[in-house]
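Here's the structure, in structure tokens; my notes come after.
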Amino acid sequence: MAIVKMPFSFLAFFCLLLQLFSIFNIGNAELEMNYYRESCPRAEEIIRQQVETLYYKHGNTAVSWLRNLFHDCVVKSCDASLLLETARGVESEQKSTRSFGMRNFKYVKTIKDALEKECPGTVSCADIVALSARDGIVMLKGPKIDMIKTGRRDSRGSYLRDVEALVPNHNDSLSSVLSNFNSIGIDVEATVALLGAHSVGRVHCVNLVHRLYPTIDPTLDPNYALYLKKRCPTPNPNPKEVLYSRNDPETPMVVDNMYYKNIIAHKGLLVIDDELATDPRTAPFVAKMAADNGYFHEQFSRAIRLLSETNPLTGDQGEIRKDCRYVN
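Here the sequence shown stands for residues -29 to -1, 1 to 299, where the numbers follow mature numbering (1 follows the signal peptide of the UniProt record, and there is no 0).
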């Protein structure tokens, strides 16, 4: 059989095309299940073990992991930009007023150190944010979310100037919140479910007193308002004293549907809570979640998956930070 020889120039051009195709694919890779199955087989197990250990030492870390996911992913990308500290030309997103009350960042390093010991330079801080949130939700008796994909890479910068516009404020309208979430691919039903994370949250008095002083917001249940005034006894609270009230006084460390039951009863802490329960776009979902914890968990799981996959850096984008607090 005769062998047809290709001209050298054609072979060279063909090889160049293959290289370009390879580069294109690497730069546009997608998240996948069990991304570290070969490079670091125990990665997800190590993160889960660390989350559990930290929870039993510092129970509020589980809430922090959930809040980290929210604050990281709604700002541009799920890329661990939130974790960067101010250094080397980077201004930390943690400086924003939207980050008020956030804590436990130091324990992210505990998780990262355990991973670096097992598989140096392999597991991204962005995947730590996503997987620690997943495992923290389980510690808070919420749903087990199995379908969290991995393969994110870390940003080389922060987006402090964008935080104010992208992270919802306690005074934002429901329309604004729905619009912000819709812009990153999260529908109304999933947005209502995501706000159910408030079932394990708390609101500092500095963000609450405008509903209590000088007069009580008429949309609040009167008896509940009196309870809140005991929690926040002055219209000018000192932020350093960290006075607060929990969104759900009955099951404050459980991801459940009590949040929805409370806001239907006009016992929400923020204006958006009342709007969520009464606006025709969201009220049907609120009523259904209040009546069925299983349905809430199902939609909450879906919403967390959508949020965790928001515009990630993959392939050859970004980097794998050695220390989550600083770019390499």
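For glycine and all other residues, C-beta sits at the position ideal for the given N, C-alpha and C.
I need the straight-line Cα distance from Asp294 to Tyr195, nearest angstrom please. What you label residue 294 is simply residue 323 of the sequence shown in a count that begins at 1. What you label residue 195 is simply residue 224 of the sequence shown in a count that begins at 1. For Asp294 and Tyr195, the distance between alpha carbons rounds to 45 Å.
From Phe271 to Pro185, what does the alpha carbon distance come to, in whole angstroms? As a first step, residue 271 is located in the sequence shown; it is residue number 300 there, counting from the start. As a first step, residue 185 is located in the sequence shown; it is residue number 214 there, counting from the start. Taking the straight line joining both Cα atoms gives about 36 Å.
Own chain, CB closer than 6 Å to Asn142, minus 5 neighbours either side, in chain order: Here residue 142 refers to the residue found at position 171 of the sequence shown. Nothing listed; no residue qualifies.
Glu269 in three-state terms, based on DSSP: Translated into positions along the sequence shown, residue 269 becomes position 298. Note: Glu269 maps to helix in three-state DSSP.
Once the 5 residues before and after Ile119 are set aside, which same chain residues still bring their CB inside 7 Å of it? If you number the sequence shown from 1, residue 119 lands on position 148. Excluding residues within five positions, the ones whose Cβ falls inside 7 Å are Ala101, Leu102, Arg105, Arg276, Ser279.
Taking Val163 as the reference, which of Glu15, Asn151, Arg173 has the closest Cα? Numbered from 1 along the sequence shown, position 192 holds the residue referred to as residue 163. Taking each of Glu15, Asn151, Arg173 in turn and checking the Cα distance to Val163, the smallest one comes out for Asn151.
Quick one: what's got a C-beta closer than 7 Å to Ile82's C-beta in the same chain, skipping five residues either side? Here residue 82 refers to the residue found at position 111 when the sequence shown is read from its first residue. Excluding sequence neighbours, Ile82 sits near Ile18, Gln21, Ile99, Ser103.
Residue from Asn264, Thr285, Glu290, Glu16 with nearest C-alpha to Pro114: For this step, residue 114 is matched to residue 143 along the sequence shown. Checking every option, the nearest Cα to that of Pro114 belongs to Asn264.
Going straight from the alpha carbon of Leu25 to that of Ser35, what length do you get? Within the sequence shown, numbered from 1, the residue matching residue 25 stands at position 54. Within the sequence shown, numbered from 1, the residue matching residue 35 stands at position 64. Between the alpha carbons of Leu25 and Ser35 lies a distance of about 11 Å.
Roughly how many whole angstroms lie between the Cα atoms of Ile(-4) and Val94? Residue mapping note: residue -4 aligns to position 26 of the sequence shown, counting from 1. Residue mapping note: residue 94 aligns to position 123 of the sequence shown, counting from 1. At Ile(-4), the pLDDT of 41 sits below 50, so the modelled position is not reliable and the matter cannot be decided from this model.
Assign Ala236 to one of three DSSP states: helix, strand, or coil. By one-based count along the sequence shown, residue 236 stands at place 265. Three-state result, Ala236: coil.
Which residues does DSSP list as the beta-bridge partners of Leu284? For this step, residue 284 is matched to residue 313 along the sequence shown. DSSP lists Arg124 as partners of Leu284.
Please report how far the alpha carbon of Ile(-7) lies from the alpha carbon of Arg124, in whole angstroms. Start at 1 with the first residue of the sequence shown, and residue -7 comes out as number 23. Start at 1 with the first residue of the sequence shown, and residue 124 comes out as number 153. Interpretation of Ile(-7) is limited by its pLDDT of 41, a score under 50 that renders its predicted location unreliable; the figure taken from the coordinates is listed afterwards. Whole-angstrom Cα-Cα distance: 16 Å.
Which value, in whole angstroms, describes the spacing of the CA atoms of Glu64 and Ala14? Within the sequence shown, the letter at position 93 stands for residue 64. Within the sequence shown, the letter at position 43 stands for residue 14. Their backbone Cα atoms lie some 27 Å apart in a straight line.
On a Cα-Cα basis, can you pick out the residue from Arg59, Glu212, Arg182 that is closest to Lys238? On the sequence shown, residue 238 is found 267 positions in, with the first residue counted as 1. If we check each option's Cα against that of Lys238, Arg182 comes out closest.
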